[in-house]
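S.K.: Quick one: the structure is below, questions incoming.
Residue numbers (this note's numbering), protein chains in the order written: chain A, -14 to 615; chain B, -14 to 615.
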């Protein structure tokens, strides 16, 4: 659906001027005009001629015909003006089915007295007062219409319609790296945009204007620093996409904009907000009849510009109003379907994005560990490692992050590899931390995400603690691993990382009753997002049948076959004193699942010993609890 | 200080009846009576005879004499009654210095008119009305006194005093495993107790009464199921120690009891509450002038009964009122000082207890892993492992948990080792989870606590996932480790566990401005609590000089020497497919600190690649941030 093709429906009671204004509007816009009355069936026309009132069946057929012409116009990427009374909500619903977002309802509004007077002055057109009264009786004024005062002159009315329908379809708030790129993406699809960025003297001045000047595709957008003017520039219901800092700043902006909004307007939060904040904001804004959609957006700067993966949640009703806007910019999966889908209620979209980022943390760490092994244990230069990664990336190990690392390792600054000049202190923006916390709260042993997070934390410890750094890594390991074995270890560890990450989403879905579709989530992660990979394509299929990757016998067997290489990689790394938190956690996790008997019986005995916490017995199916006086 | 010896001070203006009532009370109680007026110095008496008013210096000397007799009486484990006007707060402060908790202030309260009339009827005692007026002018009625209406007859007044001062010193709420044991501990020190347990028909009935009947030491305690009667049975300010389920139940009980309390009363929460809940409750109750102390209590059932480690926090003022009660039951450190101390403001006591439990999780897991190695890799029977642990426990590795495990491994049920009958699914009550979350939030890489928590989580995964358990552990490792090496590995890993745990407290102290005394916290953990150990004695000394164990060169060198054994243990375990999450995390952590270059530069390059997050350079001291167009 092209967001720029529109159906302008002039509606109102008989005599309000639908045909006159509609024709004039169509002329101005250079698009066809259809009079709804022309779409009555022969049967209906004969009934009316015979003075028999139409019943609901007759009317249904007629409204479907109007729907058909509107729908076909849109399908053909065209616009049109239609005149049709459409007095009742249910009539309008028939007309608008599946094309809701493409319709402007233009309601010609006037008092019964004024219309009656006008009708009476028209000699050729007699209308009994009772008929007009009956129309006013059934009229249900649409909430989201453009309301035109018919006491104005015709030219003013048409101008007002042109002005109102020419408003921006979408407002984008916050023009940082991500916001600017998304705006450019939307602008390229032809969607009319209003852009807003706050004014901070000396720091952020005329940001929207500067963006419009810098990028030709934004030339049709309008820039604002005044919030009220920004809101006024948007077509109703207003759709506002925020891309600003998560947390207090997001709350502050919501408080600032809400007084300018009307019932039915929609705010979309595309930042990395915490899912509990999103739930709170949905509830809060719902009370003011404002829709709130929280959406994960992944893909970094390039993804935002060329097609990100989008993970929206909130009320399904509000989602449906913005789905086309999201589809317009989302990346496409291998079947050409958009990498965007309704995730579920509450803050489930931000939750899923948080887990995406958690998986991303561990994917990055696994690559870093593999690099470190090649570099410090096997003594390869960055460009040689880049070559190996490049080769891996051609096959089943293909992923955006691996591909990125190839470019990183090739980059030189003068004679030096740029990677060697970069300070080894890693930042984090909170989502890996949140993912760890959620795993912990939900009882999921997602050690790989935690391991990657803690590796970043270790890198930030102050020098006096890191002063244990006395010893260079020894590269005189007894066994020299093949590239093949290292590749297999990396492959196995990545599988475990995905298994754990999806397990957190499964647990959250049960805990919060979100009914997450794990396969579809994997699908929208096959393109656009940072963790897109060939492995993710496998997940799409696996999660159609299972909600845990270890329930998939084929995948399980694959991992078991790779385990000996993972083990060899870990042992070799330990021998070389190399820190490999994510690989080692993956191996230990497999060992813990392999174990015939875990050592949890020792833990239970200890808990009963000091705290009388009781324990269960292995061969007691009654589920009884025992306490021993040790 | 014996909480059962008391100084009864009859106070009030001249002519209110202090001497008469005081003598009668002393007779009833069979304890000495002192008239404050007898303690004036010769100089004071001569001054008064000469009609020269006493100045503050004269008075100070006199009040110190009264303080001396009161203080000596208490030191000698005796009680006494003293009559002394003590009209001003500052006079009472001099008398009560250091013995505040042992004094009953009994204020004889009557109108000026009544006292004047009585004075005039006494022929031998003339008092000018102006003098009485001047006494009323300076009178500051004490908040926490027992107020006696002097218009009543003498016998009624003495009975009221006896009744009020005979109330319980402490109320204990919740008589589960921990509450009952603490109550018995307090009762043994002679403290008069009121016990309350809720009534739940058919489930919890007459719990307090049953406890009193079961344990002789509780024979002086009074049991309640009626909250109002329970509160009325307590001396003012009422001190109520809660040992009930953390979370909603604690809030519900607070809401239930508060309407029965008065300003100045003190509630102590001894449960495993979340530290943020404790902070919230302090603020909430503060508004109602009720003191709230949150306290960690560790030691399990046996510790609670014979001397736990106690970690209270909240307002220092409220803490001082209950310190002696906590000291009375706490375990003693090696110098005989109580294993209880004021931790800090807010919920810092519960935070510290949470970290205690986190360290405990990893300590338990390390023992379980060592057991598994001996059992499954080296093929030893539980009793043989018990012998090894027993020997370790005689030396520097001594700890309560290791000792407990010796008993556990020796226990048989019929011919079988009980440990072999216990189901290997480990429970958790939340504190390990909270400790993981706090570490994550505060940016501390506390991988060992997390590893122990996740090991418990893995044990709860459903059988279909754990179906990877196909393969028994292989015990044909090439290298057979010596017991000495295994011991060294365990020693090193325990050190790292303590280093990480204390690091979380250090970070929290900075973040929340708690000014935690890490050395003193280690000291109160040297006895009574679950993680008491010989290692903890070392922590007491190390944290006097440093706030991070790795800043202690001697300890650091010890760990570095042990590292090769830890490495050998981990490699041998991996070779045998044994899951050892805590040992392996300890080793990896050491490796990450050892590394000349961490791989965080790869992470930073990737973040800049996909998200333009920028990076810093190694040799750029300006702290500039760089972005590369990769």
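From the three backbone atoms N, C-alpha and C, an ideal C-beta is built for every residue, glycine too. The structure presented is a predicted model; accordingly, all values stated were derived computationally and were not measured.
Relative to chain A, which residues along the segment 577 to 599 of chain B have a C-beta separation below 8 Å, given in chain order?
M.R.: For the segment 577 to 599 of chain B, which is checked against every Cβ of chain A, the residues closer than 8 Å are 577, 578, 579, 580, 581, 582, 583, 584, 585, 586, 587, 588, 589, 590, 591, 592, 594, 595, 596, 597, 598.
S.K.: State yes or no: is the C-beta of residue 84 (chain B) within less than 8 Å of the C-beta of residue 56 (chain B)?
M.R.: Your numbering for residue 84 (chain B) matches position 99 in the second chain. Your numbering for residue 56 (chain B) matches position 71 in the second chain. It is a contact, given that the beta carbons lie within the stated cut-off.
S.K.: Assign residue 210 (chain A) to one of three DSSP states: helix, strand, or coil.
M.R.: For the purposes of this step, residue 210 (chain A) is taken as the residue at position 225 of the first chain. In the structure shown, residue 210 (chain A) sits in coil (DSSP, three-state: anything other than H, G, I, E or B).
S.K.: Would you say residue 274 (chain B) and residue 243 (chain B) are within 8 Å of each other, going by their C-beta atoms?
M.R.: Stepping through the second chain from its first residue, residue 274 (chain B) is reached at position 289. Stepping through the second chain from its first residue, residue 243 (chain B) is reached at position 258. Going by C-beta atoms, residue 274 (chain B) is not nearer than 8 Å to residue 243 (chain B).
S.K.: Which one or two residues does DSSP pair with residue 90 (chain B) in a beta bridge?
M.R.: In the second chain, residue 90 (chain B) corresponds to position 105, counting from 1. Paired residue(s): B:-6.
S.K.: Is residue 430 (chain A) close to chain B, meaning its C-beta is less than 8 Å from at least one C-beta of that chain?
M.R.: Taking the first chain and counting its residues from 1, one reaches residue 430 (chain A) at position 445. With 8 Å as the cut-off, residue 430 (chain A) counts as an interface residue toward chain B.
S.K.: Below 8 Å on the Cβ atoms is my guess for residue 316 (chain A) versus residue 284 (chain A); work out the distance and round it to an integer in Å.
M.R.: Here residue 316 (chain A) corresponds to residue number 331 of the first chain, with the count starting at 1. Here residue 284 (chain A) corresponds to residue number 299 of the first chain, with the count starting at 1. About 7 Å; that satisfies the 8 Å criterion.
S.K.: If we define contact as Cβ-Cβ less than 8 Å, is residue 555 (chain B) a contact residue for chain A?
M.R.: The residue you call residue 555 (chain B) lines up with position 570 of the second chain. Yes, because at least one Cβ of chain A sits closer than 8 Å to the Cβ of residue 555 (chain B).
S.K.: Express the C-alpha separation of residue 270 (chain B) and residue -8 (chain B) in angstroms, rounding to a whole number.
M.R.: Taking the second chain and counting its residues from 1, the one referred to as residue -8 (chain B) is at position 7. Taking the second chain and counting its residues from 1, the one referred to as residue 270 (chain B) is at position 285. Answer to the nearest angstrom: the Cα atoms are 30 Å apart.
S.K.: Just list the residues that DSSP pairs residue 295 (chain A) with in beta bridges.
M.R.: For the purposes of this step, residue 295 (chain A) is identified with residue 310 of the first chain, where counting begins at 1. A:282, A:325.
S.K.: What would DSSP say about residue 5 (chain A), mapped onto helix, strand or coil?
M.R.: Position 20 of the first chain, counting from 1, holds the residue named residue 5 (chain A). It is helical.
S.K.: Measure the C-alpha to C-alpha separation of residue 252 (chain A) and residue 41 (chain A) and round it to an integer number of angstroms.
M.R.: Here residue 252 (chain A) refers to the residue found at position 267 when the first chain is read from its first residue. Here residue 41 (chain A) refers to the residue found at position 56 when the first chain is read from its first residue. Their Cα atoms are separated by approximately 37 Å.
S.K.: Kindly indicate if chain A contains any beta-carbon less than 8 Å away from that of residue 330 (chain B).
M.R.: Here residue 330 (chain B) refers to the residue found at position 345 when the second chain is read from its first residue. No, its Cβ sits nowhere closer than 8 Å to a Cβ of chain A.
S.K.: Check the Cβ of residue 356 (chain B) against every Cβ in chain A and list those closer than 8 Å, keeping chain order.
M.R.: Translated into positions along the second chain, residue 356 (chain B) becomes position 371. What residue 356 (chain B) touches in chain A: 584, 587.
S.K.: Run the CB neighbour count on residue 333 (chain A), radius 10 Å, all protein chains shown included, and call it buried at 16 or more, exposed below.
M.R.: Counting from one through the first chain, the residue named residue 333 (chain A) turns up at place 348. Classification of residue 333 (chain A): buried, given that the 10 Å Cβ count is 16 or more.
S.K.: Taking Cβ-Cβ distances shorter than 8 Å, what residues in chain B pair up with residue 443 (chain A)?
M.R.: Within the first chain, numbered from 1, the residue matching residue 443 (chain A) stands at position 458. Residues of chain B passing the Cβ test: 430, 574, 577, 578, 583.
S.K.: I'd like the list of long-range same chain contacts for residue 541 (chain A), defined as Cβ closer than 8 Å, with 5 residues on each side in sequence excluded.
M.R.: In the first chain, residue 541 (chain A) corresponds to position 556, counting from 1. These residues qualify, in order along the chain: 534, 535.
S.K.: Flag this pair as yes or no: are the beta carbons of residue 20 (chain B) and residue 29 (chain B) separated by less than 8 Å?
M.R.: Counting from 1 along the second chain, the entry for residue 20 (chain B) is found at position 35. Counting from 1 along the second chain, the entry for residue 29 (chain B) is found at position 44. Going by C-beta atoms, residue 20 (chain B) is not nearer than 8 Å to residue 29 (chain B).
S.K.: Could you tell me which of A:530, A:485, A:226 sits nearest to residue 505 (chain A), measuring between CA atoms?
M.R.: As a working mapping, residue 505 (chain A) is identified with position 520 in the first chain. When only C-alpha atoms are compared, the closest one is A:530.
S.K.: Are at least three pairs of beta-carbons, each pair with one atom in the segment 141 to 154 of chain A and one in the segment 186 to 196 of chain A, less than 8 Å apart?
M.R.: No contact exists between the segment 141 to 154 of chain A and the segment 186 to 196 of chain A.
S.K.: If we count Cβ pairs, one from each stretch, closer than 8 Å, do we get three or more for the segment 343 to 361 of chain B versus the segment 427 to 434 of chain B?
M.R.: Touching, yes.
S.K.: In this structure, how does DSSP classify residue 458 (chain A) when only helix, strand and coil are distinguished?
M.R.: In the first chain, counting from the first residue as 1, residue 458 (chain A) sits at position 473. Low confidence applies here, because residue 458 (chain A) scores a pLDDT of 49, under 50, leaving its location unreliable and the question unanswered by this model.
S.K.: Compute every distance between the C-beta of residue 608 (chain B) and the non-hydrogen atoms of the ligand COA, then say whether any falls below 7 Å.
M.R.: Because no ligand of any kind appears in the structure shown, any question about the ligand COA cannot be addressed here.
S.K.: Tell me whether the beta-carbon of residue 619 (chain A) lies closer than 8 Å to the beta-carbon of residue 513 (chain A).
M.R.: With chain A running from -14 to 615 in the structure shown, residue 619 (chain A) is simply not present.
S.K.: How many Å lie between residue 594 (chain B) and residue 405 (chain A) at the Cα?
M.R.: Taking the first residue of the second chain as position 1, residue 594 (chain B) is located at position 609. Taking the first residue of the first chain as position 1, residue 405 (chain A) is located at position 420. Each residue's Cα considered, the two are about 16 Å apart.
S.K.: Look at the alpha carbon of residue 225 (chain B) and the alpha carbon of residue 500 (chain B), and state the distance between them as a whole number of angstroms.
M.R.: Working through the second chain from its first residue, we reach residue 225 (chain B) at position 240. Working through the second chain from its first residue, we reach residue 500 (chain B) at position 515. Roughly 27 Å between the two C-alpha positions.
S.K.: Is residue 204 (chain B) helix, strand or coil by DSSP?
M.R.: On the second chain, position 219 is the one that residue 204 (chain B) refers to. Note: residue 204 (chain B) maps to coil in three-state DSSP.
S.K.: Whole angstroms is fine: what's the gap from residue 364 (chain B)'s alpha carbon to residue 572 (chain A)'s?
M.R.: The count along the second chain starts at 1 and reaches residue 364 (chain B) at position 379. The count along the first chain starts at 1 and reaches residue 572 (chain A) at position 587. Rounded to the nearest angstrom, the two C-alpha atoms are 23 Å apart.
S.K.: State the CB to CB distance for the pair residue 24 (chain B) and residue 8 (chain B), rounded to an integer number of angstroms; the pair is presumed to be in contact (CB under 8 Å).
M.R.: The residue given as residue 24 (chain B) occupies position 39 in the second chain. The residue given as residue 8 (chain B) occupies position 23 in the second chain. 16 Å between Cβ atoms; not a contact.
S.K.: Spell out the partners DSSP gives residue 317 (chain B) in its beta bridges.
M.R.: Position 332 of the second chain, counted from the start, is the residue given in the question as residue 317 (chain B). Answer by DSSP bridge pairing, in chain order: B:323.
S.K.: Jot down the residue ranges of each uninterrupted alpha helix (DSSP H) in the segment 562 to 591 of chain A, minimum 4 residues, whole runs only, in chain order.
M.R.: Here the runs fully enclosed are 566 to 579.
S.K.: Exposed or buried, which one is residue 606 (chain A) when buried takes at least 16 other CB atoms within 10 Å?
M.R.: Position 621 of the first chain, counting from 1, holds the residue named residue 606 (chain A). By the 10 Å Cβ count, residue 606 (chain A) comes out exposed.
S.K.: Taking residue 601 (chain A) as the query, report the chain B residues whose CB atoms sit under 9 Å from its CB, ordered along the chain.
M.R.: On the first chain, position 616 is the one that residue 601 (chain A) refers to. The answer, in chain order, is 407, 408, 410.
S.K.: So which residues on chain A does residue 85 (chain B) lean against when the C-beta distance must stay under 7 Å?
M.R.: Working through the second chain from its first residue, we reach residue 85 (chain B) at position 100. The contacting residues do not exist; residue 85 (chain B) stays about 35 Å from chain A at best.
S.K.: So if I threshold CB-CB distances at 7 Å, which residues from the segment 386 to 406 of chain B count as touching chain A?
M.R.: Listed in sequence order: 386, 389, 390, 392, 393, 396, 403, 404, 406.
S.K.: Mind checking which residues open and close the beta strand (DSSP E) that includes residue 359 (chain B)?
M.R.: Stepping through the second chain from its first residue, residue 359 (chain B) is reached at position 374. Careful: residue 359 (chain B) lies outside any beta strand (DSSP E) and carries neither H nor E.
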